[in-house]
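Novice: Protein chains in written order, with my numbering: chain A, 46 to 293; chain B, 46 to 293; chain C, 46 to 293; chain D, 46 to 293; chain E, 46 to 293; chain F, 46 to 293; chain G, 46 to 293; chain H, 46 to 293. Cβ atoms here follow ideal geometry from the backbone N, Cα and C, with glycine treated the same way. Everything numeric in this text was worked out from a predicted model, so none of it was measured. One structure, as structure tokens, below. Some questions next.
8 protein chains.
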Amino acid sequence: MDRSQIEAVLNEVRSGSTSVSEALERLRNLPFEDLGFAKVDHHRGLRTGMPEVIFAESKTAAQVAAIFARMANAGGNVLATRAAREVFEAVEAVEPRAKFHETARAITLMQTEPAAGKGTVGVVCAGTSDLPVAEEAAVTARLMGNTVELVADVGVAGIHRLLAQQMTLSSARVLVVCAGMEGALPTVVGGLVNAPVIAVPTSVGYGASLGGIAALLGMLNTCAPNVSVVNIDNGFGAACIASLINHL
Amino acid sequence: MDRSQIEAVLNEVRSGSTSVSEALERLRNLPFEDLGFAKVDHHRGLRTGMPEVIFAESKTAAQVAAIFARMANAGGNVLATRAAREVFEAVEAVEPRAKFHETARAITLMQTEPAAGKGTVGVVCAGTSDLPVAEEAAVTARLMGNTVELVADVGVAGIHRLLAQQMTLSSARVLVVCAGMEGALPTVVGGLVNAPVIAVPTSVGYGASLGGIAALLGMLNTCAPNVSVVNIDNGFGAACIASLINHL
Amino acid sequence: MDRSQIEAVLNEVRSGSTSVSEALERLRNLPFEDLGFAKVDHHRGLRTGMPEVIFAESKTAAQVAAIFARMANAGGNVLATRAAREVFEAVEAVEPRAKFHETARAITLMQTEPAAGKGTVGVVCAGTSDLPVAEEAAVTARLMGNTVELVADVGVAGIHRLLAQQMTLSSARVLVVCAGMEGALPTVVGGLVNAPVIAVPTSVGYGASLGGIAALLGMLNTCAPNVSVVNIDNGFGAACIASLINHL
Amino acid sequence: MDRSQIEAVLNEVRSGSTSVSEALERLRNLPFEDLGFAKVDHHRGLRTGMPEVIFAESKTAAQVAAIFARMANAGGNVLATRAAREVFEAVEAVEPRAKFHETARAITLMQTEPAAGKGTVGVVCAGTSDLPVAEEAAVTARLMGNTVELVADVGVAGIHRLLAQQMTLSSARVLVVCAGMEGALPTVVGGLVNAPVIAVPTSVGYGASLGGIAALLGMLNTCAPNVSVVNIDNGFGAACIASLINHL
Amino acid sequence: MDRSQIEAVLNEVRSGSTSVSEALERLRNLPFEDLGFAKVDHHRGLRTGMPEVIFAESKTAAQVAAIFARMANAGGNVLATRAAREVFEAVEAVEPRAKFHETARAITLMQTEPAAGKGTVGVVCAGTSDLPVAEEAAVTARLMGNTVELVADVGVAGIHRLLAQQMTLSSARVLVVCAGMEGALPTVVGGLVNAPVIAVPTSVGYGASLGGIAALLGMLNTCAPNVSVVNIDNGFGAACIASLINHL
Amino acid sequence: MDRSQIEAVLNEVRSGSTSVSEALERLRNLPFEDLGFAKVDHHRGLRTGMPEVIFAESKTAAQVAAIFARMANAGGNVLATRAAREVFEAVEAVEPRAKFHETARAITLMQTEPAAGKGTVGVVCAGTSDLPVAEEAAVTARLMGNTVELVADVGVAGIHRLLAQQMTLSSARVLVVCAGMEGALPTVVGGLVNAPVIAVPTSVGYGASLGGIAALLGMLNTCAPNVSVVNIDNGFGAACIASLINHL
Amino acid sequence: MDRSQIEAVLNEVRSGSTSVSEALERLRNLPFEDLGFAKVDHHRGLRTGMPEVIFAESKTAAQVAAIFARMANAGGNVLATRAAREVFEAVEAVEPRAKFHETARAITLMQTEPAAGKGTVGVVCAGTSDLPVAEEAAVTARLMGNTVELVADVGVAGIHRLLAQQMTLSSARVLVVCAGMEGALPTVVGGLVNAPVIAVPTSVGYGASLGGIAALLGMLNTCAPNVSVVNIDNGFGAACIASLINHL
Amino acid sequence: MDRSQIEAVLNEVRSGSTSVSEALERLRNLPFEDLGFAKVDHHRGLRTGMPEVIFAESKTAAQVAAIFARMANAGGNVLATRAAREVFEAVEAVEPRAKFHETARAITLMQTEPAAGKGTVGVVCAGTSDLPVAEEAAVTARLMGNTVELVADVGVAGIHRLLAQQMTLSSARVLVVCAGMEGALPTVVGGLVNAPVIAVPTSVGYGASLGGIAALLGMLNTCAPNVSVVNIDNGFGAACIASLINHL
């Protein structure tokens with residue numbers, strides 16, 4: 046049933062050939078999928094300030110460039126994650142305003158100013174190996190209108206370097222904490238702050254790290270009551286949640 | 046927005062205070078969830094011939110009896126799975142027509158004749174340890190209107206006993222094949238018949254059977270092109286699918 | 046013991062030099078494997094409408110081309126799955142009628158018209174990353190004589206796009222539903238239709254998707270009673286089962 | 046070095062027997078752990094509105110009662126989770142104001158009014174088997190000053206029951222979504238709302254549910270960008286995070 | 046088609062009403078399963094010297110006793126494995142000649158002398174915790190006609206105790222080596238002897254032993270070229286294979 | 046070949062009936078296991094100060110008591126681990142000097158003074174749930190002659206409580222650090238001290254703790270360079286290693 | 046202590062300067078490792094007929110060629126497994142008598158006739174994908190002096206092709222059965238023969254085959270009492286054990 | 046709060062404008078992270094004799110060279126692990142004194158003499174495949190001032206080669222034992238010596254070795270009381286711990 050069917054019902058109501066209660070009954074029996082025009086965008090709110098996103102890893106440079114250009118033409122902000130330099134070069138050829146964030150492996154285009162978050166999003170990681178994931182989170186959060194404080198090189202085996210950053214940590218409204226290997230950093234940070242912590246296990250490690258599973262399990266078993274977890278290496282997803290919270 | 050809101054729109058259309066195109070536009074903007082009356086029962090067809098079902102394992106005898114009695118009053122057929130004898134005794138006290146199937150650990154009440162399946166549902170298992178799962182499938186399929194042929198004790202380590210049953214296997218329109226340990230039976234049966242095979246891994250075994258995971262993996266890696274798989278010990282689910290196919 | 050041995054027994058019976066009961070006894074003692082001529086093709090029925098199939102992934106282009114040519118000469122339909130473009134070029138050189146399905150990574154040759162399925166096979170997938178598996182299922186099902194409706198880009202995180210396709214889903218006689226990541230699509234589809242659903246987990250995802258194991262586990266734990274599961278990325282196998290059901 | 050040592054330094058500064066720069070140098074060389082008095086409670090903020098908590102599962106009824114009484118005497122609110130009725134009876138004997146929440150397996154004592162959350166915390170679950178975890182989250186969130194809306198029995202295999210609750214879902218400021226088996230509910234809910242979703246896998250299921258691991262993996266692989274995850278059956282933890290967000 | 050059908054064909058051949066070639070054609074088209082009388086016992090050889098076996102673990106004492114009595118009446122030897130003392134008492138009541146092997150948790154009845162094995166079967170285990178599995182192997186092997194040498198308490202962490210038994214090890218024609226925890230014993234024994242070694246991982250251990258999986262993996266990764274492996278705790282199966290080899 | 050055989054060879058050499066080179070040849074051909082007297086106790090050193098040990102978990106109270114009494118008669122120190130109070134009562138009946146350590150689930154008898162360790166063994170744990178494992182380590186280490194400092198309740202989510210104990214931690218010559226759940230404590234402690242850390246994962250936790258596997262993996266992936274790991278809940282083993290190091 | 050030391054003791058005994066009992070005491074105190082000449086080759090027997098073996102997979106072509114040449118010079122037979130054609134070319138350049146077995150990925154040199162096995166070693170596999178492992182077993186067994194019967198393309202999903210080979214299977218003294226995917230072939234073969242079956246899981250498969258783990262688990266859970274298992278793809282090891290049994 | 050803040054407090058104390066008790070109170074309320082100057086290097090002791098370390102595996106040759114040069118300029122010793130020859134060439138170009146250890150895949154620069162360890166560090170491995178890990182341990186330990194004895198090619202399947210090295214093993218003050226496949230070597234060595242053993246599982250193996258997990262599990266389940274374990278292939282970490290113990 047498409048729009049014209051509903052229009053027909055309404056015309057019959059208007060003309061009096063169908064009573065209101067009869068029309069109600071006919072509408073009631075319409076399966077949802079026939080309504081067609083009733084499809085609303087339930088993500089409207091969520092998408093306020095959200096860029097269009099391309100997961101570049103499994104696509105060719107040409108494919109990413111084509112999608113990026115089309116999205117750019119639509120006028121919104123655009124983000125491509127997991128993009129190598131070659132991919133950026135292909136994108137830049139079609140959209141010269143695009144910017145490359147090498148460590149984050151991200152390409153961004155900001156055309157419209159997103160709504161500003163209420164506080165700061167803290168992004169924390171332990172070693173330099175975790176930086177790509179942390180930077181992906183930072184770039185994503187910034188593109189969504191958040192002020193980001195990035196704190197790196199504060200592993201739990203050298204706890205005093207972390208404690209020296211406590212002022213910065215405490216001032217964040219929400220934190221994204223990335224860690225590989227044993228994945229203990231989010232728990233320690235969670236104990237130092239009063240804000241929600243989004244933990245991101247990274248695939249950094251070898252042997253018994255099982256590609257990030259060890260860090261993931263560690264984070265899920267956290268004894269800090271303010272830590273929740275996303276998928277391994279999912280800096281982008283953690284930033285989305287952090288931004289959502291920071292815009293509340 | 047509830048029914049009265051739509052009624053209001055229709056009344057305005059009827060009275061002429063709202064044009065048809067304006068009404069269309071207002072309806073178009075209604076989020077689905079406000080329609081209320083548009084909720085249709087999409088399972089209507091599927092449920093033809095399906096009993097009401099109680100998963101008794103995690104409930105007390107009293108709870109099962111109470112639910113059973115309520116469902117029985119509704120007039121349809123009722124099935125309780127994973128029920129011990131004590132549970133049956135509690136059910137029988139409130140609904141004397143209920144029947145107990147000891148091996149299948151199932152309680153049934155048939156009040157209405159279900160639509161008959163087109164062919165036979167074959168239910169096959171290897172050892173006597175797999176019988177509870179196979180019987181659960183058989184009892185379920187019968188309650189859904191299917192003729193069931195149960196073939197037991199035909200393990201793959203004694204292939205000639207299985208081959209001696211080939212006539213029975215070949216005459217089934219769809220088969221449910223249950224096996225624990227190495228879980229090879231569905232593949233061998235799949236190679237002998239021309240019908241869809243629903244494989245049910247059972248938790249029978251010890252050590253490296255990992256509670257049925259070994260059998261499950263074996264079935265998923267089948268080299269027979271007519272075998273699909275359900276969860277470990279899920280004789281009920283396999284019978285539902287088989288019945289659905291047998292009623293096509 | 047070969048045909049001539051049995052022939053000898055029969056000749057002796059005919060000439061009267063061996064009694065019937067003695068002949069029976071001699072036949073009774075023949076081990077099965079000696080009968081030779083008793084080997085029947087139990088897959089006859091199943092193979093009606095089934096193409097010859099080559100799993101190209103672990104073979105060289107030259108090997109696939111050689112096998113393809115030989116199968117084509119036999120007169121039936123031929124299907125090569127998991128084939129790259131280079132493989133197709135090698136096949137095309139020896140069999141110019143072969144067709145390449147790039148997304149499905151499949152090569153087909155249809156020489157004979159397969160028996161037509163009774164209804165439509167619905168093939169559903171969530172993201173574009175799942176398309177190769179879904180297309181493999183679609184190409185396979187079509188080569189087996191089925192009308193296929195492909196519904197793509199209907200992930201569970203945007204449920205209204207899926208609901209908008211419910212008419213198409215409901216009209217299918219059997220469905221193949223492919224999904225990676227959390228693998229929830231078959232369950233949601235299973236709740237919307239009254240037909241058997243063959244669920245195909247895909248290896249799409251990263252980190253905790255464990256190469257498709259997460260999706261596989263999700264599907265095995267489905268709470269929809271009409272869903273069974275095949276191996277990860279096994280679009281071909283799902284289509285075989287769907288075709289079998291659609292020809293019942 | 047304890048307080049008296051620092052006092053001594055200060056006295057020397059005061060008397061002039063130690064210069065400021067010399068005092069600075071001596072303080073500089075103090076290892077942190079000697080400061081003693083510098084231990085601040087970094088959880089101050091977080092704990093506003095947080096009850097004292099007892100994980101009762103691995104304790105005897107007598108132990109829980111003793112701890113509960115002591116905490117009650119301290120004047121704050123008290124929560125015991127995973128408590129059986131026998132445990133409650135022991136607690137009630139020593140603290141008659143304690144309340145038992147049977148489904149949630151929780152004992153509460155509210156003595157002080159916690160700071161009120163800004164919006165509603167939505168708690169959602171699929172089957173009745175998930176109710177204990179969902180109720181644990183609800184009881185916890187209420188004790189922390191949040192208004193809670195509990196939506197039960199909205200599994201993804203019957204998507205229309207869930208859609209009928211969309212108004213309620215959309216009005217929540219943050220949601221806790223509990224699901225066992227395939228664990229798809231948080232993803233579907235995440236697609237319907239614009240708020241952060243805390244997903245709680247439950248150990249409900251059997252066979253390939255692996256004690257909740259299947260649901261956990263499903264949630265970690267969510268394709269909804271607003272979902273983060275906590276440990277299996279950790280309704281308490283999810284409520285803590287939700288309350289934290291709701292008080293921002 | 047049963048025996049009478051074949052008899053009918055033969056009678057027709059005899060009477061001349063059917064030609065030999067026609068009879069051949071009719072026999073040729075018989076599906077195997079119809080032959081009936083062609084089912085030979087392919088296990089004849091294997092079963093020489095093999096007792097009837099009951100896996101008692103999942104059966105009641107009454108059930109085991111009933112099966113045991115029936116098997117005993119058939120005249121052969123009988124073995125029940127994984128039997129508690131209560132089970133033995135029930136068996137003894139119906140079959141007073143039955144013997145109980147407490148450590149092995151086995152009940153035996155020897156009525157006929159099995160064929161003697163050619164050499165000695167060595168059964169080796171490390172700690173006293175592995176003794177039940179080792180004794181099960183020893184009791185089984187003896188009931189199958191083998192001379193058994195049991196070597197216990199020779200763990201790899203005290204290698205000299207093992208070396209002191211080398212003469213005994215070297216004189217065995219085949220060995221069954223049981224070990225839990227790290228499961229290294231079969232590899233070390235395999236390096237000391239020139240005979241086939243059947244390795245049996247046991248479920249002895251805790252934590253990372255994963256119920257015997259650690260020992261199983263260790264044995265599968267053996268660097269000794271004469272070691273093969275059976276399921277965890279499967280002393281019975283290892284003895285069957287050892288006996289088979291010892292009777293070659 | 047035993048001592049007398051070698052003696053015979055030597056006597057023949059002495060009497061001149063065997064030449065030296067011939068004697069050499071005969072000795073050369075002796076398999077090692079025949080030497081008998083060459084078996085030295087390679088554990089001599091290690092066993093200095095080590096008690097006799099009984100793993101009580103899988104034994105009856107009577108069995109433990111019998112073994113304990115026999116060991117006590119031998120004059121050395123005795124330790125029974127994983128012992129319930131009933132077990133102690135049985136032991137006490139036969140050996141009244143035995144002491145019970147309730148939290149540690151250990152029974153000890155010290156009859157001889159072990160050699161004193163050179164420094165202090167620090168035993169650290171996070172929650173009270175880890176105390177049984179930590180106490181097992183402490184009791185074991187003390188029985189081996191070590192001074193033990195036990196630091197409890199210093200979880201990583203409240204890092205300042207741990208830092209307040211740094212003086213104690215730093216003064217230990219070797220540390221045993223026990224932790225369940227995310228298992229991060231050994232890494233943090235490892236970063237604070239200059240001594241070897243033996244990490245003991247505990248089975249404390251639920252859900253994704255997988256019975257201690259999560260903590261185990263976390264510890265194996267430590268980024269502290271002075272941490273090695275033992276099996277889950279193996280407080281006894283960690284204490285043995287710590288004592289060994291402390292006696293160097 | 047080397048031979049000369051023992052010689053010195055003997056000379057002293059001979060000359061009378063050392064008494065027998067004193068000599069005994071001095072020999073008694075020799076640590077085993079000093080005896081030197083007491084090191085016997087315990088593998089002598091096993092190595093009769095065994096080639097020298099090179100695992101080529103992780104070595105360069107040059108390395109394999111160098112080792113191969115050195116071993117060839119020693120006069121025995123030589124086997125290199127997991128060798129690519131390039132490796133063979135490097136070997137052939139230094140040892141022109143070497144032979145390449147392409148499917149088996151093996152290089153052999155037979156210089157001495159090994160002792161002949163007593164019967165036939167059957168090597169069985171299902172699909173052509175399993176052939177490399179089966180051929181590795183066949184080449185290895187032949188080089189060790191065994192007559193080998195290779196039976197290929199007899200998967201369990203087409204059971205009649207397997208049954209047609211039963212005569213061949215039954216005539217083998219020992220069998221090596223290779224299978225990937227569900228790994229059911231060894232169990233079915235085990236039920237058809239009376240000989241020991243060495244099962245070799247192969248890494249053939251995808252998705253839930255988990256690199257051969259599914260086949261491995263299936264084989265370990267076999268219900269045939271004559272099947273033991275080796276590591277995934279270990280055709281070489283299976284042939285060693287089969288040869289050992291065939292030479293008994 | 047930085048140094049100047051504390052200075053101000055002290056000046057006020059000195060001038061008398063702030064009392065000592067008031068000053069104490071103000072200092073008490075300083076959060077730790079503000080102290081700044083109180084950050085001591087708690088790793089001082091540990092780092093005595095420790096080189097600066099670069100994990101080269103995930104870095105480009107240019108990156109490693111740059112970091113290496115900078116560290117070299119700081120005057121201490123430098124170690125790069127997991128470095129290929131190309132990486133060394135880049136390092137050598139900027140720091141000609143650097144040395145390459147090919148098997149160990151390590152680059153070292155020794156500029157200062159580290160404190161000498163008290164005894165010998167034994168490094169033991171089974172096959173030549175484990176040599177890279179063993180050599181990494183040896184190179185690391187030497188750079189930290191330890192005398193190292195490397196014992197290779199002493200696998201447990203040829204136990205006499207290991208026993209022949211017992212003198213060497215017994216003379217070590219601490220041992221690092223590396224093994225892949227079944228990982229039994231540390232347990233056997235642990236039983237032969239009286240020193241702490243650091244076990245290093247290696248990723249050597251295939252199939253069920255699961256990338257070293259089998260060896261890791263075997264080592265964690267050791268029955269030797271002096272064995273602790275580090276991550277798979279972590280020769281560097283094991284050497285750090287061994288060096289620490291050897292310097293006690």
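#1: If isoleucine 152 of chain C and alanine 183 of chain C are in contact, beta carbons under 8 Å, what's the gap, nearest whole angstrom?
#2: So what does DSSP say about threonine 63 of chain H, is it helix, strand or coil?
#3: What are the residues that DSSP puts in a beta bridge with alanine 202 of chain E?
#4: Do three or more CB pairs link the segment 168-178 of chain C to the segment 212-224 of chain C at distances below 8 Å?
#5: Taking DSSP as the reference, what is the three-state secondary structure of valine 238 of chain D?
#6: What does glutamate 102 of chain E touch in chain H if you count any residue whose Cβ is under 7 Å from its own?
#7: Do leucine 55 of chain A and valine 65 of chain B have their CB atoms nearer than 8 Å?
#8: Between serine 248 of chain E and chain B, is there a C-beta pair that is closer than 8 Å?
#9: Within a Cβ cutoff of 7 Å, which residues of the same chain sit near valine 234 of chain A, ignoring the five residues on either side of it in sequence?
#10: Beta carbon of valine 249 of chain D: closer than 7 Å to some heavy atom of the ligand MG?
#11: Using the three-state DSSP reduction, which class does cysteine 285 of chain G fall into: helix, strand or coil?
#12: Using a Cβ-Cβ distance cut-off of 8 Å, determine whether serine 254 of chain G contacts chain E.
#13: Would you call the segment 198-214 of chain C in contact with the segment 146-163 of chain C, where contact means no fewer than 3 C-beta pairs closer than 8 Å?
Specialist: The short version:
#1: Contact doesn't hold; Cβ gap of about 15 Å is too wide.
#2: coil
#3: Partner(s): none; alanine 202 of chain E has no beta bridge.
#4: yes
#5: coil
#6: The premise fails here: glutamate 102 of chain E is roughly 25 Å from chain H at the closest Cβ pair, so nothing lies under 7 Å.
#7: yes
#8: yes
#9: Val169, Leu214, Leu220, Val222, Val242
#10: This structure lacks the ligand MG, and indeed carries no ligand of any kind.
#11: helix
#12: no
#13: no
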